[in-house]
Structure formats: C-alpha cells, structure tokens
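Undergrad: This is the structure, below, for whatever I ask next.
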Amino acid sequence: MVKGYLYSLFSTFCFALPTVFTVFAYQDGLTPKSLVFNQTAIAAVLLLLYVMWTGEAFPRLTKQSTSDFFLAGAGKAVTVIAMFMAIKLMNVSLVLTLIFMYPAFVVLLEYFIDKKSLRIQQVLGLVCTFVGELLVLKIFQGEFQQLSAMGTLLGILSGVAWGWMIYWSSAFLYHQCF
C-alpha cells in the first residue's frame with residue numbers, strides 16, 4: 002500500500018514538473034507549439050531507448066492499431082497544446098485545477114456515450130468538483146472578470162481532452178482484454 006502511495010506521489014511530481022519548466026520556457030521565448038514538439042521528441046527518444054534497453058519487440062502496426070493510436074493521441078495532443086496555451090494566459094495553478102477536473106469528464110463521457118448509470122457517489126463527486134471549481138475561480142465573489150476567458154476555456158478543453166484520452170484508452174484496453 003505504501004508503494005502505491007509513493008507511485009502516486011511520484012506520478013504527481015512528474016506531471017507537475019513540466020508546467021514549472023513551461024513557465025521558464027515562456028520566459029525564454031518558446032511558444033506552445035515548440036514546447037509540444039520538444040516534449041514529444043524527448044518522449045519519443047526516451048521510449049526508443051527504453052525499448053532498446055529492455056529488448057522488447059516493437060509492436061506491429063495494423064490499420065486498427067494505427068487508428069487507435071491516433072484517436073488516443075488526439076486527446077494527448079489537445080490536452081498538452083491547450084494546457085500550454087492556457088498557462089500562457091493564466092496562472093499555472095488555476096489552469097491545473099481546470100485540467101484536474103478530468104475524472105468528472107470521464108464519468109460524463111461514460112454516462113453519455115456508454116449509457117452507464119451514475120452512482121450516488123459519482124453524482125456527489127460531480128457536484129463537489131464543479132462547485133469547487135466555481136469557488137476556485139471566484140465566480141461567486143465577482144472576481145471572475147479578472148480571469149482570461151480564453152485561458153479558462155483552454156484549461157477546460159485540456160481537461161476534457163485528457164478525460165477523452167483516459168476514456169478512449171480504458172475502452173480500448175477493455176476490448177483488448179475481454
């Protein structure tokens with residue numbers, strides 16, 4: 002159990018770290034597109050090195066696997082591009098709270114696409130998520146006008162895209178395993 006908590010903390014650290022570098026990169030004049038390109042290039046090199054180091058065989062590309070790759074990858078691409086653009090317009094912490102609404106979007110996608118019924122815990126979780134987000138954005142205090150509308154929309158889009166990526170990936174894995 003402790004090992005699971007450590008993995009969770011490490012994962013959170015690894016997710017947050019690029020946003021810190023993003024702020025520094027913007028100060029050096031990089032654009033959201035160049036950041037996405039650099040992040041993707043670094044990830045590709047690291048994955049290639051990992052595959053070579055472990056000796057695993059490269060997966061065979063089929064029409065279906067290529068289609069699945071691009072559908073899941075679209076969620077990742079939109080997530081990252083929207084996140085980097087939102088960070089350019091708004092405070093990083095506000096953008097991350099918008100992105101971390103993704104579990105709510107996964108639940109909504111399952112409800113609307115798969116017609117799964119909602120449990121009471123999920124309904125309460127959705128209400129808490131959206132009310133909490135309204136409080137963080139200071140909607141009720143009237144300070145919302147000071148926020149960038151485009152940054153807010155991009156942050157929400159990033160969370161929706163991440164939710165899509167998680168939804169699509171879990172549906173893909175479910176069909177692969179069962």
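Numbering of the sequence shown is given in my numbering, commencing with residue 2 and proceeding in unit increments.
Beta carbons: idealized from backbone N, C-alpha and C, even for Gly.
Just so it is clear, the structure is predicted and the values come from calculations on it, not from any experiment.
With a CB to CB cut of under 6 Å and the five nearest residues on each side skipped, what residues in its chain are close to Val96?
TA: Cβ neighbours of Val96 beyond the five flanking positions: Ala87, Ile88, Gly156.
Undergrad: In whole angstroms, give me the CA-to-CA distance for Tyr182 and Lys139.
TA: Limits of the chain in this structure are 2 at one end and 179 at the other, which puts residue 182 out of reach.
Undergrad: In angstroms, rounded to a whole number, what distance separates the CA positions of Gly152 and Ala105?
TA: One C-alpha to the other measures close to 20 Å.
Undergrad: Using C-beta distances below 7 Å, list every residue in its chain close to Leu110, excluding the 5 sequence neighbours before and after it, in chain order.
TA: If we look at Leu110 and ignore the five residues flanking it on each side, its Cβ neighbours are Gly164, Trp165, Tyr168.
Undergrad: Quick one: grab the DSSP three-state call for Asp29.
TA: Coil, per DSSP.
Undergrad: Give me the Cβ distance between Tyr112 and Gly160, rounded to the nearest whole Å; I'm assuming they're in contact under 8 Å.
TA: Their Cβ separation, rounded to whole angstroms, is 16 Å, which puts Tyr112 and Gly160 out of contact at 8 Å.
Undergrad: Would the beta-carbon of Thr98 fall within 8 Å of that of Val137?
TA: Their beta carbons are under 8 Å apart, which means Thr98 touches Val137 by this criterion.
Undergrad: At what residue ranges does the stretch 77 to 129 contain a whole run of the alpha helix (DSSP H), taking only runs of 4 or more?
TA: Entirely contained in the stretch 77 to 129, the alpha helix (DSSP H) runs reaching 4 residues are, in chain order, 93 to 100, 103 to 114.
Undergrad: Given that a residue counts as buried once 16 or more other Cβ atoms are within 10 Å of its Cβ, and exposed if not, what is Val108?
TA: Val108 is buried by the Cβ-count criterion.
Undergrad: So, for Leu72: in the same chain, excluding its five sequence neighbours on each side, which residues have a beta-carbon less than 6 Å away from its beta-carbon?
TA: Around Leu72: Trp169.
Undergrad: Applying the 10 Å Cβ sphere with the 16-neighbour rule, what's the burial state of Thr255?
TA: One cannot answer for residue 255 here, as it falls past the ends of the chain, which runs 2 to 179.
Undergrad: Just verifying my parser: in three-state terms, what is the DSSP assignment at Ser149?
TA: Correct three-state label for Ser149: coil.
Undergrad: For Phe85, count neighbouring Cβ atoms within 10 angstroms of its own Cβ and tell me buried if that reaches 16, exposed if not.
TA: Phe85 comes out buried.
Undergrad: If we count the other Cβ atoms within 10 Å of its Cβ and call it buried at 16 or more, is Thr13 buried or exposed?
TA: Counting Cβ neighbours within 10 Å, Thr13 comes out exposed, since fewer than 16 surround it.
Undergrad: What separation, rounded to the nearest whole angstrom, lies between the Cα atoms of Glu224 and Val21?
TA: Residue 224 falls outside the range modelled here, since the chain spans only 2 to 179, and no answer is possible.
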